[in-house]
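Okay, structure first, notes after.
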Amino acid sequence: MTVPARSAEGPLLDVRDLVVHFDARAAMFRRGRQTARAVDGVSFSVDAGETLGLVGESGCGKSTTGRALLKLVKPTAGSVSFQGEDLLATRGRDLKRLRRGLQAVFQDPYDSLNPRMRIRDIVGEPLIIHGLATGATRRRQILELMERVGLSEDLANRLPAELSGGQRQRVGIARALAVNPSFIVCDEAVSALDVSVQAQVLNLLRRLQQDLGLSYLFISHDLSVVRHVSDRVAVMYAGKLAESASSEVLYARPYHPYTLSILAAAPVADPDVERRRPDEPVTGEAPSPVHPPSGCRFHPRCPLAQDRCRTEEPELVEVEPGRWTACHFWRTLKDGGGTTPASAPRAPVKVS
Ligand code: SF4
Numbered sequence: 000m001t002v003p004a005r006s007a008e009g010p011l012l013d014v015r016d017l018v019v020h021f022d023a024r025a026a027m028f029r030r031g032r033q034t035a036r037a038v039d040g041v042s043f044s045v046d047a048g049e050t051l052g053l054v055g056e057s058g059c060g061k062s063t064t065g066r067a068l069l070k071l072v073k074p075t076a077g078s079v080s081f082q083g084e085d086l087l088a089t090r091g092r093d094l095k096r097l098r099r100g101l102q103a104v105f106q107d108p109y110d111s112l113n114p115r116m117r118i119r120d121i122v123g124e125p126l127i128i129h130g131l132a133t134g135a136t137r138r139r140q141i142l143e144l145m146e147r148v149g150l151s152e153d154l155a156n157r158l159p160a161e162l163s164g165g166q167r168q169r170v171g172i173a174r175a176l177a178v179n180p181s182f183i184v185c186d187e188a189v190s191a192l193d194v195s196v197q198a199q200v201l202n203l204l205r206r207l208q209q210d211l212g213l214s215y216l217f218i219s220h221d222l223s224v225v226r227h228v229s230d231r232v233a234v235m236y237a238g239k240l241a242e243s244a245s246s247e248v249l250y251a252r253p254y255h256p257y258t259l260s261i262l263a264a265a266p267v268a269d270p271d272v273e274r275r276r277p278d279e280p281v282t283g284e285a286p287s288p289v290h291p292p293s294g295c296r297f298h299p300r301c302p303l304a305q306d307r308c309r310t311e312e313p314e315l316v317e318v319e320p321g322r323w324t325a326c327h328f329w330r331t332l333k334d335g336g337g338t339t340p341a342s343a344p345r346a347p348v349k350v351s
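The sequence shown runs 0 to 351 under numbering that gives the first Met the number 0.
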């Protein structure tokens, strides 16, 4: 089931039933063939000018989803349509053209920049690769890009190691903007930065979105960061989407126990969310992608789990206009129940 975008013109990006499975033999010391189900049937769409936040714990598959859109990992199944074209089936020149529209900003700006290249060369490299500008035009465009992301001209001859973390992330953003994209995958783009620098970079991303009409897939483990930048939020758990809604709705009244649990780790200044917040963040280990739990993948950690949850996988369904939830008992939270045994309307089953 696809979590749809909202535009009448159709989505800019449309992901359907995306599956990314890895051969996990190496991790299992070659004891037979094992499959890691990193992404296991994820569907969503993003409109032009929209930000979709993709959140979840480390290892839930959110970054693999982003990398699959960028063709940095090969999807096992599913489809990705970008600007109405089938991105996964496109090759050669057409792929190069499509890729210009779909750029990325990664977590560690130092890792993603060549440490031996000057800043001007890093920012200008995409212009060379795509044959977009030469000579004085390229030099001028490089300085314009640097100015657009708040980097002064005198940094152009420096190496990445001579810049702060925030400046390096601005270089990464300038580099992504060089080819005039319409969509940017921001994969934990501010996670390595101090809180004050995070705010500056988030403000920059928002301003660029307004000025250039960009769309973002904003991937993060941090719900409070995602809330500030996202129009809609999709919550991912163990390779699948657990819940999706507008940012406002999802943070005010989550219907999925996992969403409510991770909100416990992300302070939200809303009395209603505070009242429904569980005492503790979600406990226990995230499931192995090699051996995901049967039924609902969240059932071993879910305080509302019942017998049905162990055997029957809940579908992601639109329970209200624009709100999608994959939980057999979503009405429990809708009707005001919490996730603690005392507040849950039905006695939760103890799951070992
Ligand atoms: Fe919890 Fe069951 Fe809902 Fe899964 S389907 S989130 S185990 S109540």
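For glycine and all other residues, C-beta sits at the position ideal for the given N, C-alpha and C.
Quantities reported herein were computed from a predicted structural model and do not represent experimental measurements.
Any heavy atom of ligand 1 closer than 8 angstroms to the Cβ of residue i?
| i | result |
| --- | --- |
| residue 256 | yes |
| residue 331 | yes |
| residue 305 | yes |
| residue 313 | yes |
| residue 326 | yes |
| residue 295 | yes |
| residue 129 | no |
| residue 301 | yes |
| residue 298 | yes |
| residue 357 | No information on residue 357 is available, as it lies outside the stretch 0 to 351 that the chain covers here. |
| residue 308 | yes |
Taking only three categories from DSSP, how would you classify residue i?
| i | result |
| --- | --- |
| residue 85 | strand |
| residue 250 | helix |
| residue 77 | strand |
| residue 198 | helix |
| residue 145 | helix |
| residue 10 | coil |
| residue 101 | strand |
| residue 53 | strand |
| residue 93 | helix |
| residue 322 | strand |
| residue 40 | strand |
| residue 232 | strand |
| residue 305 | coil |
| residue 290 | coil |
| residue 281 | coil |
| residue 220 | coil |
| residue 225 | helix |
| residue 70 | coil |
| residue 245 | strand |
| residue 191 | coil |
| residue 32 | coil |
| residue 117 | coil |
| residue 170 | helix |
Quick test of your reading: residue i and residue j, contact by CB under 8 angstroms. State the CB separation rounded to the nearest angstrom.
| i | j | result |
| --- | --- | --- |
| residue 86 | residue 216 | Rounded, the Cβ-Cβ distance is 13 angstroms, inconsistent with contact. |
| residue 218 | residue 62 | 6 angstroms |
| residue 232 | residue 54 | 6 angstroms |
| residue 297 | residue 236 | 6 angstroms |
| residue 220 | residue 57 | 6 angstroms |
| residue 23 | residue 289 | 5 angstroms |
| residue 283 | residue 307 | Between residue 307 and residue 283 the Cβ distance is about 20 angstroms, and since that is not below 8 angstroms, they are no contact. |
| residue 246 | residue 226 | 6 angstroms |
Would residue i and residue j qualify as a contact pair, given that the criterion is a beta-carbon distance under 9 angstroms?
| i | j | result |
| --- | --- | --- |
| residue 106 | residue 186 | yes |
| residue 249 | residue 234 | yes |
| residue 162 | residue 183 | no |
| residue 122 | residue 178 | no |
| residue 141 | residue 131 | no |
| residue 257 | residue 244 | no |
| residue 309 | residue 295 | yes |
| residue 168 | residue 192 | yes |
| residue 44 | residue 13 | yes |
| residue 144 | residue 176 | yes |
| residue 99 | residue 180 | yes |
| residue 156 | residue 115 | no |
| residue 150 | residue 173 | yes |
| residue 332 | residue 323 | no |
| residue 101 | residue 68 | yes |
Taking the beta carbon of residue i as the centre, do at least 16 other beta carbons fall within 10 Å, making it buried, or is it exposed?
| i | result |
| --- | --- |
| residue 330 | exposed |
| residue 95 | exposed |
| residue 19 | buried |
| residue 73 | exposed |
| residue 286 | buried |
| residue 148 | buried |
| residue 35 | buried |
| residue 238 | buried |
| residue 49 | buried |
| residue 261 | buried |
| residue 303 | buried |
Any heavy atom of ligand 2 inside 8 angstroms of the beta-carbon of residue i?
| i | result |
| --- | --- |
| residue 241 | Here the bound small molecules are ligand 1; ligand 2 is not part of this structure. |
Taking Cβ positions only, does residue i come closer than 9 angstroms to chain C?
| i | result |
| --- | --- |
| residue 97 | Reference to chain C is not applicable here, since this structure consists of a single protein chain. |
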